[in-house]
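Report on the following structure.
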Amino acid sequence: MASRSTRVIALFALLFALVAAPATVSANQAKFASNRGSVIGSVSLGAEKYFTVNMRDGSTARDAALVANYFRKFGLQISVSPDNKILFAHGTYGQAGAAANTGFVRVQLNGEQFNRTSRPETYPPAIANRILATTIYDGPRMRPHNIIRPFGILVAPGSGYTPANIATYYDYGPIYSAGFKGTGRKVAIISCGTVLSADVSAYESLFSIPSNLPTIVSVDGGSTTQDLEPTLDVERIIGTANAVKVFDYVVPLDCSFSHFADGIAKVEADNPTMHFDSLNISYGATEDFYDFTGSDSLLTAQHADLVDIFPSCWTFVSSGDSGSFPSGGQFLEDGEVTVQYPASDDHVIAVGGTTASSKSPTLITRNREFGWGGSGGGVSGKFALPGWQVGFPGLESTSGRNVPDVAFDSDPNTGYEIVFTPPGMAQGAFIVGGTSAAAPTWAATFALVQQKRVALGKAKLGPLGAKLYSASMVSGNFFDVTVGDNGFYANKVGYDAVTGVGVPDAFKVWTYLAITTP
Ligand SMILES: [Ca+2]
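In my numbering, the protein residues as written are 141 to 658.
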C-alpha cells in the first residue's frame with residue numbers, strides 16, 4: 141500500500157468538458173439518419189466470438205433446445221440458462237456469421253472503432269420466431285462514469301471522503317451501531333476490466349474494514365487487467381456495507397455493448413441461485429446511440445435481462461457524467477438533450493449526482509449540497525414512466541421515463557478516497573467521483589435494508605421504486621436538492637431531472653424501507 145503522501149492525483153484524469161450548447165428538448169424524438177460508421181477493415185473469421193441469444197417471453201425448454209441445436213450446427217458451443225431464457229454462445233466470427241446469415245466489418249465512428257454486422261441477422265422462420273434479440277453485433281463502447289478529481293478544489297477533505305466521512309455526512313452511523321453492515325447479503329456488479337485483491341485489501345487496511353474480497357466471475361473470456369471503475373464500485377460498496385459480498389462480473393476491457401449485455405445476461409442466469417440483493421451498473425451509453433448505430437438489438441437484449449432480474453434483485457445504474465447531454469463521442473447533433481441507457485430503463489433505479497460540500501475539509505457536515513453539473517438526467521425517448529413515477533408531482537415528463545430517481549455525492553471536486561493500482565504504475569490513493577460512485581453506494585445501502593428486513597423475519601422488499609418515492613414525501617427522509625443544474629434541467633423543490641427525489645438520510649430511509657414498510 142502506498143502511503144497517502146504518494147498519492148497520484150489526476151495523472152490520467154479524463155479530460156472532460158461539458159459543452160454548453162443550445163439545447164433542443166425535442167431532440168430525443170428526432171429522427172436521426174443512422175450512421176453505421178466508415179468501414180476500415182475486415183474481421184478475421186477465425187477470431188474468437190462470444191454472444192448471447194435472448195429467447196422470446198414464454199419460451200420453453202423445448203424452444204431453447206431447438207434454438208441451441210440450430211446454433212450448434214454451425215460449430216458454436218451453446219449453454220442454456222437454467223430458466224431457458226438465454227443462450228450463451230462461444231465460437232468464431234465465421235461460425236456466428238454463418239448462423240446469422242451475415243458477415244462482420246470493422247468500422248470507425250466518431251473516432252471509435254468497433255465490429256458490426258455487415259447486414260441484418262436473418263434466421264429460418266422456426267428460429268427467428270423464437271428469438272427476441274442477440275448480441276452478435278459487437279457495437280461501440282459503454283462508458284464508465286468515473287472522474288478523477290481534476291483541480292483539487294477543497295469543498296471536502298483534501299484526500300476525498302472516507303467511508304467514515306460519508307457515514308457522518310449521510311447518517312449511516314445508527315445503522316452500523318445497530319449491527320447492520322451487510323452480513324449475508326450479496327451485490328453483483330458488471331465491469332469492463334477487473335479489480336485487484338491487493339487494492340481492495342489496501343483499502344480495507346486504510347479504513348479498518350475487515351477483510352472481504354470480491355468474487356470475480358469471468359464473462360466472455362473476461363479480463364485480468366485492472367480498471368478504476370470496478371475498483372471504485374467494490375470499494376464504495378464495502379465502504380458502505382463492510383460485510384456485503386461483492387460478485388464482480390468481468391467482461392473484456394473493450395467494453396463493447398455486446399460484451400456488456402452478456403454480463404447482464406450472466407447475472408440474470410445466476411440470480412435464481414445467487415439471490416442477489418442488488419446489481420450495480422456504473423456504465424452507460426447515449427440512449428439514441430443504439431438507434432443511430434443500428435444496434436437496437438443490444439438494447440433489447442439488456443432490457444430483457446434487466447426485466448428478468450427485476451424485482452428479486454434491484455438494479456442501480458449511474459445516470460452519467462455528462463449532464464443532460466450525450467456521453468463523450470456519442471453525440472448525435474449539437475445541443476441534443478438525451479439520457480443514457482441503462483439508467484433510462486424502466487426496471488432500474490437511476491442514480492444521479494450532487495456536489496456534497498462540507499463546512500470545511502475537517503468539519504464533515506453538510507454545508508451546501510447542490511446538483512452536480514455532470515449528473516445525467518432528463519427524459520427517456522424509449523421508455524414510458526415506470527409505475528413508481530406515475531402520478532408523482534414535479535416530473536419533467538408525464539409520459540417518458542424521468543431520469544434519475546435518486547442521487548448521492550458524485551462531484552470529483554469532493555470525491556471519494558479510493559485505492560487503485562493503474563496498470564504499469566504503483567498503487568496509490570486517488571480522489572474519484574462521478575455517478576459511478578453514487579450508484580454502488582445506493583446498491584450497498586439497499587443491501588443493508590434487506591439485511592434488516594431479513595432480520596425482522598420480513599420478505600425482501602419488492603416495490604422499491606414506489607417506496608423510495610413515497611419515502612421522499614415524508615419530511616426528513618431525503619434532503620431535497622433545490623440548487624444547481626445539469627445543463628438543460630435545473631434543480632428545484634421536489635423531483636428534478638438532476639437529482640431525482642434527492643439524497644438520503646441513510647438511517648431514516650433505511651428505517652422507512654426496512655421497519656416502517658411492511
Ligand atoms: Ca429537488
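Where is the CB? At the ideal position from N, CA and C, for every residue including glycine. Since this is a predicted model, take the numbers as computed values, not measurements.
Relative to ligand 1, the nearest heavy atom lies less than 6 Å away from the CB of Val621. Contact between Ala578 and Gly493 holds: their C-beta atoms lie close to 5 Å from each other, under 8 Å. Straight-line spacing of the CA atoms in Gln366 and Leu336 works out to 6 Å. Ranked by how close their Cα comes to the Cα of Gly521, the residues Gly513, Gln591, Ala483 and Pro552 have Ala483 in first place. Residue range Arg506 to Gly511 is occupied by the beta strand (DSSP E) that includes Gly511. Not one heavy atom of ligand 1 is found less than 6 Å from the C-beta of Asp203.
Taking 7 Å as the cut-off, the beta carbon of Asp551 is found closer than this to the beta carbon of Gly573. Taking the CA atoms as reference points, Pro644 sits about 9 Å from Trp650. The closest CA to that of Thr495, considering only Ala425, Asp410 and Ser515, is found on Ser515. Remark: the shortest separation between the CB of Asp448 and any heavy atom of ligand 1 does not fall under 6 Å. Taking the C-beta atoms as reference points, Lys592 is found no nearer than 7 Å to Phe254.
Shortest gap from the CB of Asp636 to any heavy atom of ligand 1: under 6 Å.
Judged by the Cβ position, Asn617 fails to qualify as a neighbour of ligand 1 at the 6 Å threshold, every heavy atom of the ligand being at least this far. Counting only the Cα atoms, Val295 lies some 10 Å from Thr502. The residues Leu472 and Thr478, in chain order, have a CB closer than 6 Å to that of Asp428 in the same chain once the five nearest residues on each side in sequence are set aside. Nearest in C-alpha terms to Thr274, of all of Gly597, Arg196, Asp486 and Leu604, is Arg196. Here Arg270 carries a coil assignment [DSSP, helix/strand/coil].
Judged by DSSP secondary structure, Lys406 falls within the alpha helix (DSSP H) whose first and last residues are Phe397 to Met414. Asp410 sits away from Leu446, with the two beta carbons spaced by 7 Å or more. Across the set Tyr301, Ile288, Gly177 and Arg259, the C-alpha of Tyr301 shows the shortest separation from the C-alpha of Ser500. The shortest C-alpha to C-alpha distance from Arg325 to any of Gln590, Ala630 and Val245 is the one to Gln590.
Under the three-pair Cβ rule at 8 Å, the segment 310-317 does not count as touching the segment 348-360. Of the other Cβ atoms in all chains shown, fewer than 16 fall within 10 Å of the Cβ of Pro264; this residue is therefore exposed. DSSP, reduced to helix, strand and coil, places Ala611 within a helical segment of the structure shown. The beta carbon of Lys406 lies closer than 8 Å to those of Phe228, Val357, Val359 and Tyr389 in the same chain, with the five residues before and after it left out.
Here Ser537 really is in contact with Val519; their C-beta atoms are around 4 Å apart, less than 8 Å.
Inclusion of Thr364 and Asp461 in the CB contact set at 7 Å is not warranted, their separation being larger than that value. Here the alpha carbon of Gly511 sits roughly 24 Å from the alpha carbon of Leu368. Non-local beta-carbon contacts of Cys395 in its own chain, meaning distances under 6 Å to residues more than five positions away in sequence, involve Arg281, Met282 and Cys332 in chain order. A distance criterion of 6 Å places the beta-carbon of Asn631 in contact range of ligand 1, judged by its closest non-hydrogen atom. Distance from the CA of Ala187 to the CA of Ala208, rounded to the nearest whole angstrom, comes to 21 Å. According to the DSSP assignment, Glu375 belongs to the alpha helix (DSSP H) that extends over Leu368 to Thr380.
When beta bridges are read from the DSSP output, Cys332 appears opposite Val391. DSSP places Thr257 in the uninterrupted beta strand (DSSP E) bounded by Glu252 to Thr257. DSSP, read as helix, strand or coil, puts Gln567 in coil.
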